[in-house]
Ligand SMILES: [Zn+2]
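Numbering (our numbering), first residue to last: 66 to 132.
Take a look at the structure:
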């Protein structure tokens, strides 16, 4: 099966029998996120958590980098 990343729109070939594949088949509204985006989100989340605050301007700037 081919899925597209909800963030960067990259097409990824996914094994339908994998955990992620089954999840997407069983939950039609579930979204797929590619490994790179997952990693990016994880890093951003960790960074924000360490900073202990979320500044709207900073968040907006980071969002622009995703497209
Ligand atoms: Zn992605």
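Note that beta-carbon positions come from the ideal geometry of N, C-alpha and C, so glycine has one too.
May I ask you to check if the CB of residue 89 is nearer than 8 Å to at least one heavy atom of ligand 1? Because no heavy atom of ligand 1 lies under 8 Å away, the Cβ of residue 89 does not count as near it: no.
Reduced DSSP secondary structure (H/G/I, E/B, other) of residue 75: Here residue 75 sits in coil by DSSP.
For residue 89, which residues from the same chain have a beta carbon less than 7 Å from its beta carbon, with the 5 sequence-adjacent residues on both sides left out? Cβ neighbours of residue 89 beyond the five flanking positions: 68, 95, 97.
Among 116, 66, 74, which has the Cα closest to the Cα of residue 83? By alpha-carbon distance to residue 83, the top candidate from 116, 66, 74 is 66.
Please confirm whether any heavy atom of ligand 1 lies closer than 8 Å to the CB of residue 79. Every heavy atom of ligand 1 is 8 Å or more from the Cβ of residue 79, so no.
Counterpart residues of residue 67 in DSSP-defined beta bridges: Answer is 78.
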